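Encoded as structure tokens, the structure appears first; notes follow it.
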Amino acid sequence: MAKEPNTSQKAIAEGLDGFYVVDAGPGTGKTFTIVSRYVNILKKPDVQTKDILLLTFTRNAAAEMEERIRERLADTETGKDTRLVQAGTFDSFCYSIVKESPESVSDFLGFSEKLTRSASLIENETLNKEYFNSFFDRFNADRGNDYGDIAVISSTLSSQMYVLINKLMAKGIVPLSRGWFGGRDGKDLLGDPDAIFSSLTDLNQVTGERKKKNDLIERIHGENENGKISSDFPTLELDDIIPADVLRSAAYDDRSELLRLVHDVYYEYLRRSVADDRLTYGLNSVFAFVILYSNAGVRGRMSCRYVMIDEFQDTNENQMMIALMLLKEPNLCVVGDWKQGIYGFRFVSIDNIIDFENRAVSMRAYLNDDTERIPFRIPPATRLTLDWNYRSSQEVIDVSFEVLSLPGSKDEVVSLDPETVTKLKSGNDAIGTDTHVRFVKVPSSDEEKETVSRIIDYVTGDYTVHDDEGARRPRYGDIAVICRTGSMCRAVYDEARARGVDAFLQGDVEIMSTREGKLLLAWLKYINNRTDRWGLIGILSDMEYSLEDVRKMVRPDSDGNFAEVPPEIAELRKELKKKKRRPTDLISSVFSYYGLNNDVTQAIITTLSSAHRSSLLTIADMIRMIERDIVEHNTYGIDADLDSDAVLIQTMHKSKGLEYPIVIIPKLDQGVVPSTKGDASSLYFNEAEGVRCTEEIVSNEGFIRRGLSWKTLLAKAAVKKDYSEERRTLFVAVSRAKQYVTMICGDKPSKFISGLSGDEYLEPLGDLPAPAPAERDRNIPAPVPAPYESRRKVIGVHDIMVFEGGPPEEGADEVSGKGMEYGKKVHAAAEGLAKGIGPRENYPETAAVKEVLASVADADLILAEVHCMLPLNGIGVSLSGYIDLLALYPDRIEVHDYKTDVSKNNLDAYRLQLSVYALAAEGYYKRPARCVIDFVSMGERVEFEPIPREEIESSVQMIL
DNA sequence: GTAATGGATCTTTTT
DNA sequence: GATCCATTAC
3 MAKEPNTSQK
13 AIAEGLDGFY
23 VVDAGPGTGK
33 TFTIVSRYVN
43 ILKKPDVQTK
53 DILLLTFTRN
63 AAAEMEERIR
73 ERLADTETGK
83 DTRLVQAGTF
93 DSFCYSIVKE
103 SPESVSDFLG
113 FSEKLTRSAS
123 LIENETLNKE
133 YFNSFFDRFN
143 ADRGNDYGDI
153 AVISSTLSSQ
163 MYVLINKLMA
173 KGIVPLSRGW
183 FGGRDGKDLL
193 GDPDAIFSSL
203 TDLNQVTGER
213 KKKNDLIERI
223 HGENENGKIS
233 SDFPTLELDD
243 IIPADVLRSA
253 AYDDRSELLR
263 LVHDVYYEYL
273 RRSVADDRLT
283 YGLNSVFAFV
293 ILYSNAGVRG
303 RMSCRYVMID
313 EFQDTNENQM
323 MIALMLLKEP
333 NLCVVGDWKQ
343 GIYGFRFVSI
353 DNIIDFENRA
363 VSMRAYLNDD
373 TERIPFRIPP
383 ATRLTLDWNY
393 RSSQEVIDVS
403 FEVLSLPGSK
413 DEVVSLDPET
423 VTKLKSGNDA
433 IGTDTHVRFV
443 KVPSSDEEKE
453 TVSRIIDYVT
463 GDYTVHDDEG
473 ARRPRYGDIA
483 VICRTGSMCR
493 AVYDEARARG
503 VDAFLQGDVE
513 IMSTREGKLL
523 LAWLKYINNR
533 TDRWGLIGIL
543 SDMEYSLEDV
553 RKMVRPDSDG
563 NFAEVPPEIA
573 ELRKELKKKK
583 RRPTDLISSV
593 FSYYGLNNDV
603 TQAIITTLSS
613 AHRSSLLTIA
623 DMIRMIERDI
633 VEHNTYGIDA
643 DLDSDAVLIQ
653 TMHKSKGLEY
663 PIVIIPKLDQ
673 GVVPSTKGDA
683 SSLYFNEAEG
693 VRCTEEIVSN
703 EGFIRRGLSW
713 KTLLAKAAVK
723 KDYSEERRTL
733 FVAVSRAKQY
743 VTMICGDKPS
753 KFISGLSGDE
763 YLEPLGDLPA
773 PAPAERDRNI
783 PAPVPAPYES
793 RRKVIGVHDI
803 MVFEGGPPEE
813 GADEVSGKGM
823 EYGKKVHAAA
833 EGLAKGIGPR
843 ENYPETAAVK
853 EVLASVADAD
863 LILAEVHCML
873 PLNGIGVSLS
883 GYIDLLALYP
893 DRIEVHDYKT
903 DVSKNNLDAY
913 RLQLSVYALA
923 AEGYYKRPAR
933 CVIDFVSMGE
943 RVEFEPIPRE
953 EIESSVQMIL
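Right, here's the structure in full:
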């Protein structure tokens, strides 16, 4: 990366006021430029950190951005208070907007129920779908009859309804008590019937489309024979043209009943979530929008003079409107690359960046409809382009750009406006001639094998990798295998492991379907209910008890007696039952009984304990959650161990934002890249068609049954395939590479690879043997031993606290004299107070909390609800928890924790808890910490020094 | 040129 | 079961 900005970087970093759209292709030094621009803005005499807001999408990107800004600010004299750099993810910023004025949501939507500041954001999508599911069941039972046939169909399509509603949220379309807000007052929900009609007309007339039309007629007649099509579709011969009135009724299909249903389900879902004080990411951003729209005070407090947004191609319409309302002055800089917009299926639209000016103008008009929310005219946007790529060789860059104009099927015509494509120049001069793009064709069954052979070839053959330290031979860690699908990733991974090639699968794994998941499930069932056969059977069969023995234990003999359960198991059950209220501890204990500690157990523990933290799961809840995950094939990410020298295997989507010297892209086969899959849902929403359902209730000759809507089938046929997003996905994959790219296809090469290669392919390498570790380049450090044993266990602080008189009540976070719900509310109010937000309700404790805050008013930095981690290296454990209040002074730290207890019975447990926080804070801020327990209900304060690390370690060991 | 037939292959998921 | 493409048939 250039130390001195190049001309285009400089132009962007120095254009400070006004609207800017920055086209930042891969490897163009985007972060560097944004950081420079940030510092330049801050250098202006009248600008403070609070005036600038920097938003991105991933936590990683936000953290990196913040870190690099801090680094630069440390070297730059700005004379400004730089403690509060505002850089974060869109979602976290939205969350803070929601916390700013949760009650506005109800005011706007007309609910009597109120959202509060202690609303919890549930990240786990399984839980969210389950919640929606039970809400939807109830809705259907109570009100299903009001919506006729469509409710009968949709009642079985809960998860599709959930997806649909989430898409509407992403588009900023919100139901009001009557009608819709956003989406042109709901008109968007009908799609574009005119366009549908005209392209349906083409089916009759345009050659090449005729076949599609005939297929459709055939399909409908076929379904008709099964009685699945309503009788109003005419009988047609294959070559007949479909009458215009038939096409018209398909395009302009009256869907008012369906829309009314979707509206009411959506509206009641919002109400229910508000009543339960429960947020998802989708709700969080809709509510943030609603609050900003309806509450001028919040707008005034949260808006800034300068806003910068990174990865702008990934914003949805809702987020763009939020961004506009966050501006005090017309100073907005959006940075992104439409060529890397690959999240269309999440209703992200690259039009935000491509059509930025027009969108901004029409959004402003819309948002300023009745009152001024955006206090300025949208200025003409300056478009700037970063044109030097410091990552890849020119050859790699050229091939990646070529992808953008390749048709995905024989008939597709790519319309690519050359104006919008800026060719990048390679600025990575070190590479020289050490670069290539290769194409290989092998029999389809050998694609994994060839992929692994190509990996081996790269680490053993005559290739040179150039990095900061100079030139050297490639090693496994330089290589990434990037696949379109998760299943191909797994296939390559299996082959690599089988051949002795170190590889890491960065994928989403069905963790609950593994042996680990199923064992845990069995134990949870058995703990929950001793007579749950499936619990005991699961445990015993894993222990290889014979079928006969198992049968005797779970099924009574003729006298009604059960055979005795092995004492070891019965004993363990007793032990585990005690940990019923500490799920993290319970789960870890199950795994440690089997000596299991690996990526999967790690992921299971993290998943379940974070789900527990946000919604207090009981054992029965966890059982349901695991079962649902197994049935629905739900997957969870597993963390990469980036230190080890291993080939990384990941999907194209996951590869975004990363770079590797060598990239191998296998399975460029027909139907795979580009993927020819469409949306298979019955109930769906897209821009062209609007909300539609492929199913309907059909009555034929007196029979009433669930059939297919021919109108929807026709409308679907009217939408042309567009492989643009597939092209962009491959563009992302190829542009990850710095030097070497190998693309592999099977017997049926896709249009993409044949277009790039001109159908010239290298011969397969066959079965290359993997090098023995010693034969690899001597420069390579010895391979890291299997990381499994050293994996760190993360335990919640509460799991090591021992309370007087037994563990706290079911689900309680901590003991509290006034009950756990009460404690939670006081904490939430205290967190609000710390951030300068007055409490909505006044608790007797509020005065005490204010006093505490007053006592730390002179601190440099006050943080509320800080997550902290204390690594205990001696025993391979990290303790995690949340600090209520952290006050940072130049020479010391104060760690506070509020307790609503009415006695000091649990002082020892709290002493341990705060000591963990204190040591964690000391480690982070490198200065001594003191602990303060604020018994806010009793109005007392207990101060002490943290207990030594060794004592904490031994407390942890007690529960391991 | 353009219908019919057969074979192969079947998603992606920041917070 | 949908959908692509290549092959065959006319």
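Residue numbers (our numbering): 3 to 962. Even for Gly, the Cβ is constructed at its ideal location relative to N, Cα and C. Only a predicted model underlies this, so the values are computations on that prediction, with no experimental measurement involved.
Asked: At least 3 beta-carbon pairs within less than 8 Å: the stretch 734-746 vs the stretch 660-668; Found: yes
Asked: Status (buried if at least 16 other CB within 10 Å, exposed otherwise) for A859; Found: exposed
Asked: Three-state secondary structure assigned by DSSP to F564; Found: coil
Asked: Pair within 8 Å by beta-carbon distance, S939 and V904; Found: yes
Asked: Coarse secondary structure for M940, derived from DSSP in three states; Found: coil
Asked: Whole-Å CB distance - G27 paired with L388, under 8 Å assumed; Found: 6 Å
Asked: Residues sharing a beta bridge with A889, DSSP; Found: I864, E896
Asked: When E550, G472, Y308 are compared against N430, the one with the closest alpha-carbon; Found: G472
Asked: Coarse secondary structure for N430, derived from DSSP in three states; Found: coil
Asked: Segments assigned alpha helix (DSSP H), at least 4 residues, entirely inside the stretch 266-343; Found: 283-296, 298-304, 319-327
Asked: Exposure of K679, with buried meaning 16 or more beta-carbon neighbours within 10 Å; Found: exposed
Asked: Cβ shell of A922 (< 7 Å), same chain only, five flanking positions each side left out; Found: C870, M871, L872
Asked: E6, DSSP secondary structure in three states; Found: coil
Asked: F506 - DSSP class collapsed to helix/strand/coil; Found: strand
Asked: Close-in-space but distant-in-sequence residues of the same chain around N168 (CB under 7 Å, 5 per side omitted); Found: G284
Asked: Cβ-based burial, G479 [other Cβ within 10 Å; buried from 16]; Found: buried
Asked: As assigned by DSSP and simplified to three states, the class of K718; Found: helix
Asked: Rounded distance between the beta-carbons of S455 and L770, thought under 8 Å; Found: 4 Å
Asked: Chain-order list of residues whose beta-carbon lies under 6 Å from that of Q672 (same chain, five-residue window excluded); Found: K750, S752
Asked: Alpha-carbon to alpha-carbon, S446 and M365; Found: 50 Å
Asked: The alpha helix (DSSP H) enclosing D93, as first and last residue numbers; Found: 92-102
Asked: K330 versus A856, S136, D19, residue with shortest Cα-Cα distance; Found: D19
Asked: Neighbour-count burial assignment, F92, 16 or more Cβ in a 10 Å radius; Found: buried
Asked: Own chain residues within Cβ distance below 7 Å of S157, not counting five before or after; Found: N142, G146
Asked: Where the beta strand (DSSP E) containing A622 begins and where it ends; Found: First-last for A622: 621-633, but that is the alpha helix (DSSP H), not the beta strand (DSSP E).
Asked: Same chain only: Cβ atoms within 7 Å of P195, ignoring 5 sequence neighbours per side; Found: A253, Y254
Asked: I198 and A682 closer than 8 Å at C-beta; Found: no
Asked: Of the residues D534, E691, N318, the one placed nearest A622, counting alpha carbons only; Found: D534
Asked: M545 burial status per 10 Å Cβ neighbour count (16 or more: buried); Found: exposed
Asked: Test item: CB-CB of F289 and N318 under 8 Å; Found: no
Asked: Inter-residue spacing [alpha-carbon to alpha-carbon] between V944 and M304; Found: 36 Å
Asked: Whole alpha helix (DSSP H) elements within the stretch 686-773, 4-residue minimum; Found: 712-720, 726-736, 753-759
Asked: Which of helix, strand or coil DSSP assigns to A682; Found: coil
Asked: Test item: CB-CB of F314 and N354 under 8 Å; Found: yes
Asked: Cβ-based burial, F937 [other Cβ within 10 Å; buried from 16]; Found: buried
Asked: Check whether S560 and V552 have beta carbons under 8 Å apart; Found: no
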